[in-house]
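Undergrad: Residue numbers (UniProt numbering): 1 to 809.
#1: Take every Cβ of the segment 713-729, pair it with every Cβ of the segment 581-599, and state whether three or more of those distances are shorter than 8 Å.
#2: Could you check whether the segment 151-158 touches the segment 438-446, counting it as contact only if at least three pairs of C-beta atoms, one from each stretch, sit closer than 8 Å?
#3: Look at the alpha carbon of residue 279 and the alpha carbon of residue 102, and state the distance between them as a whole number of angstroms.
#4: Give the straight-line distance between the Cα atoms of residue 774 and residue 620, rounded to the nearest whole angstrom.
#5: Between the Cα of residue 596 and the Cα atoms of 568, 641, 634, which residue gives the shortest distance?
#6: So, for residue 491: in the same chain, excluding its five sequence neighbours on each side, which residues have a beta-carbon less than 8 Å away from its beta-carbon?
#7: Does the segment 275-292 come into contact with the segment 310-326, if we say contact requires no fewer than three beta-carbon pairs (one atom in each stretch) closer than 8 Å?
#8: Nearest CA to the CA of residue 603: which residue from 472, 570, 406, 649?
#9: Compute the distance between the beta-carbons of residue 112 and residue 537, then report whether it is under 8 Å.
#10: Could you check whether residue 127 and residue 136 sit closer than 8 Å to each other, using their CB atoms as the reference points?
#11: Going by beta-carbon coordinates alone, are residue 169 and residue 225 separated by less than 8 Å?
#12: Within 10 angstroms of its Cβ, does residue 622 collect 16 or more other Cβ (buried), or is it exposed?
#13: Out of curiosity, what's the CA-to-CA distance linking residue 500 and residue 521?
#14: Assign residue 115 to one of two classes, buried (16 or more other C-beta atoms within 10 Å of its C-beta) or exposed (fewer than that).
#15: Can you give me the Cβ contacts of residue 477 inside the same chain, cut-off strictly under 7 Å, excluding the 5 residues immediately before and after it?
#16: Quick one: is residue 245 buried, meaning 16 or more other Cβ sit within 10 Å of its Cβ, or exposed?
#17: Leaving out five residues on either side along the sequence, give the residues of the same chain with a beta carbon under 7 Å from the beta carbon of residue 806.
#18: Applying the criterion that 16 or more other CB atoms from any shown protein chain within 10 Å of the CB defines a buried residue, is residue 148 buried or exposed?
#19: Please classify residue 234: does DSSP put it in a helix, a strand, or coil?
#20: What would DSSP say about residue 57, mapped onto helix, strand or coil?
#21: Looking at the secondary structure, which residues open and close the alpha helix (DSSP H) in which residue 606 lies?
#22: So residue 281 is in the beta strand (DSSP E); what residue range does that whole segment cover?
#23: Would a C-beta distance cut-off of 8 Å place residue 365 and residue 133 closer than the cut-off?
#24: Could you please give me the residues that DSSP links to residue 349 through a beta bridge?
#25: Measure from the alpha carbon of residue 377 to the alpha carbon of each residue in 331, 675, 778, 446, then state which is nearest.
#26: Starting from residue 177, trace the alpha helix (DSSP H) in both directions and tell me its first and last residue.
#27: Just list the alpha helix (DSSP H) runs in the segment 348-395, keeping only unbroken ones of 4 residues or longer that don't cross its boundaries, in chain order.
#28: In its own chain, which residues sit with a C-beta less than 7 Å from the C-beta of residue 213, not counting the 5 before and 5 after it?
#29: Count the other CB atoms within 10 Å of the CB of residue 635; is the residue buried (16 or more) or exposed (fewer)?
#30: Counting Cβ pairs, one atom from each stretch, are 3 or more of them under 8 Å apart for the segment 481-496 and the segment 648-661?
#31: Excluding the 5 residues flanking residue 811 on each side, which residues of the same chain have their C-beta closer than 6 Å to its C-beta?
#32: Taking DSSP as the reference, what is the three-state secondary structure of residue 675?
#33: Would you kindly work out how many angstroms separate the C-alpha atoms of residue 379 and residue 352, rounded to a whole number?
#34: Would you call the segment 721-735 and the segment 385-399 in contact, with 3 or more CB pairs under 8 Å?
#35: Between residue 792 and residue 403, how many whole angstroms is the CB-CB distance? I'm expecting something under 8 Å.
#36: For residue 131, report the span of its alpha helix (DSSP H) as first-last.
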């Protein structure tokens, strides 16, 4: 016999206080029936007034409702003598948050971390019967239709004199399940509402939704569609109800007899998606008569169990009345005294009795459960874990706690997601249907590039390291300088980093000490540079690190002198040896400078690419424009690189092919003179011992031979001139080649500029700034997301204001 919807006798502990206006499109149960399914209600969110105006479909009468403040009515403060177990949603604060969370779920805010109770289990596990006990909805347990898509049940308590009311709608899918085809586009248009939801009417609703809106075509075959991920939402309200929300998922199964074999994996994937979400509290339903270790749903429950968000419920306990050993086994598991694959759950399991089809309409589940669980072995389980009422009270408390925990972080998450969508939409720009619109969009993007490029050149430390042109070029210049000073020459010079004047002063001090002690001045130890190769520099300048030692240099000078002195008088150095030896010493400079230029060019190209990618990503809807702008930048890069390469070769040839060594400053002459003084001092100090010294021996010590004198003199001239030239060469390459290349107006950085894109023809601008179908589609998606997120933000802000007002009161 069909009757009205079952309502647990749960009179309100406190009088109802309206939270209407919190949710877009949410009215009190009295005027909810006038709500149009096509009305998103976003505008309502921004109105704090107590008056709620509902914009309705033309087929429905308009309704304006003013909610009375029933909390101030004396008659509403009376509490009935029979009250339900402690209800966490007796708190007005919790009810506000409950409505806000429900609104966010219906509002399509699926990417937010919103806690919810989800109920899972195998087919025929007693899920539907448990749901009927928890919610009062007359699920058609024999049809199996409800288990073909997720079903969310939301229950609310209304003021004492209000009518019972129900509303059934369809929400979009919350998870993406491969292989599950979406429902039809008109799911938002469905709504069924009324006062009494009978079993027959609910079954008819399920059938209508399944075929006409969900698009189900049950059965076997490739053209069949047995499951969908869209969510059926059933809202219940009335003075005898309590605040509660739960999501029922299709039951898992092992044998696909009336559905396709692939449906098994699809349903399992859907259930797993929900179960793996760390914000969902998993209520796992197990029928007590079935062997516990063979329950397939437990295989999917390991993650929620490990994370402490698992609640177990044994159903059909009444079916074990004649099986005492099986009943003891269930009790042992429920109390944590049994060893099994899942381990012991912290809070144990709930035990419930199911409402059977044979039970009459007058059947009282609460009385039946008390009778069943009052006997052994069930009475050894804590009373807080026995019966549907205990389970509902526990789940309500758990849901309330999770809602309160998550709510403070919701706003920052919504705000962050909104800002991301707004930024992406701004990057896409407005629709570009004309040349002026395309030009404005491209110029706007290029200006953003110019701003970042200027920072990258002038203000290191303000951008991501991948964009830091100034810092990276400075680093490469320093490495070039270091490599040139250590590995730039063909030979190492003797005492290359020594100041001769300082060296003379040190030697004179040592001589004074030696004279005071009556001993000779020890010989000067020549200092030659360490030739150890820096692995990083050797990799940066491959094949250019080898430098020959000073002894080899002296031998080469001696050999070249033997050749050049043929046409010269003894003791007079042929000046042709100087440019010859100098060219040999600097012959690697061109290769090193070109390698340096290539490194800088590669780095600058990488940095500008990162900057452009930051303002106009290569991936996504800006990909087309990004590729075209990169092409413009690359064309300038290659042209400027070629010019820089020619400039570099010109600078190098001036040094490496010079036939006449020149110096205009006094540094060269001063250093040569000081080195000659040092050598005179050393020779004289080793041979002169006092007034009685042999002057001939002193002279021979100072001038050991004409050839040796000339070798030393050529060495010193080359050394001093090389040091001066090296400083000038490094400076010229870094300033006149590298800096000119990087900072050129039409160079690798500024080749992409506002002036250049303004000079593009209309056809070129159509290519660069045009948009494809993907861009148009993505802009619409973003506009939809932004609308949703703004509405979600308004819901959270409204709830925050209302709860803050309660705290102040």
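We put the CB at the ideal spot given by N, CA and C, even for glycine.
TA: Taking the definition as stated:
#1: For the pair of segments examined, the segment 713-729 was found to touch the segment 581-599: the number of CB pairs separated by less than 8 Å reaches three.
#2: No, the segment 151-158 is not in contact with the segment 438-446.
#3: Straight-line Cα distance between these residues: approximately 14 Å.
#4: Computed Cα separation, rounded: 9 Å.
#5: The alpha carbon of residue 596 has as its nearest neighbour, out of 568, 641, 634, the alpha carbon of 641.
#6: Once the five neighbours on either side are set aside, the close Cβ partners of residue 491 are 547, 548, 549, 550, 552, 553, 556, 585.
#7: Judged by Cβ distances under 8 Å, the segment 275-292 makes contact with the segment 310-326, as three or more pairs qualify.
#8: Minimum Cα distance to residue 603 is reached at 472.
#9: Going by C-beta atoms, residue 112 is not nearer than 8 Å to residue 537.
#10: It is not a contact, given that the beta carbons lie outside the stated cut-off.
#11: It is not a contact, given that the beta carbons lie outside the stated cut-off.
#12: The residue in question, residue 622, is buried, as its Cβ has 16 or more Cβ neighbours within 10 Å.
#13: Computed Cα separation, rounded: 17 Å.
#14: Under this definition residue 115 is a buried residue.
#15: Once the five neighbours on either side are set aside, the close Cβ partners of residue 477 are 734, 738.
#16: A residue is called buried once 16 or more other Cβ atoms fall within 10 Å of its Cβ, and residue 245 is buried on that count.
#17: The residues are 92, 93.
#18: Buried.
#19: Reduced to three states, the DSSP call for residue 234 is strand.
#20: Bear in mind that a pLDDT of 38 at residue 57, under 50, signals an unreliable position, so the number given afterwards is only what the model happens to contain. The answer is coil: DSSP assigns residue 57 none of H, G, I, E or B.
#21: DSSP places residue 606 in the uninterrupted alpha helix (DSSP H) bounded by 589-615.
#22: Per DSSP, the continuous beta strand (DSSP E) segment holding residue 281 begins and ends at 280-287.
#23: In contact: residue 365 and residue 133 (Cβ atoms closer than 8 Å).
#24: Bridge partners of residue 349 according to DSSP: 312.
#25: Closest in alpha carbon position to residue 377, among 331, 675, 778, 446, is 331.
#26: Per DSSP, residue 177 is not a residue of any alpha helix (DSSP H), being assigned neither H nor E.
#27: For the segment 348-395, whole alpha helix (DSSP H) runs of length 4 or above, ordered along the chain, are 365-373.
#28: Close CB contacts of residue 213 within its chain, under the 7 Å cut and outside five residues either way in sequence, are with 170, 183, 184, 186, 187, 190 (chain order).
#29: So residue 635 ends up on the exposed side.
#30: By the Cβ criterion, the segment 481-496 is not in contact with the segment 648-661, since fewer than three pairs of Cβ atoms, one from each stretch, lie closer than 8 Å.
#31: Outside the shown range of the chain, which is 1 to 809, sits residue 811, and nothing can be said about it.
#32: Judged by DSSP in its simplified three-state form, residue 675 adopts helix.
#33: Taking the straight line from one Cα to the other gives about 13 Å.
#34: Contact between the segment 721-735 and the segment 385-399 is absent, because fewer than three Cβ pairs lie under 8 Å.
#35: Incorrect: roughly 15 Å between the Cβ atoms, too far for contact.
#36: Element bounds for residue 131: 127-135.
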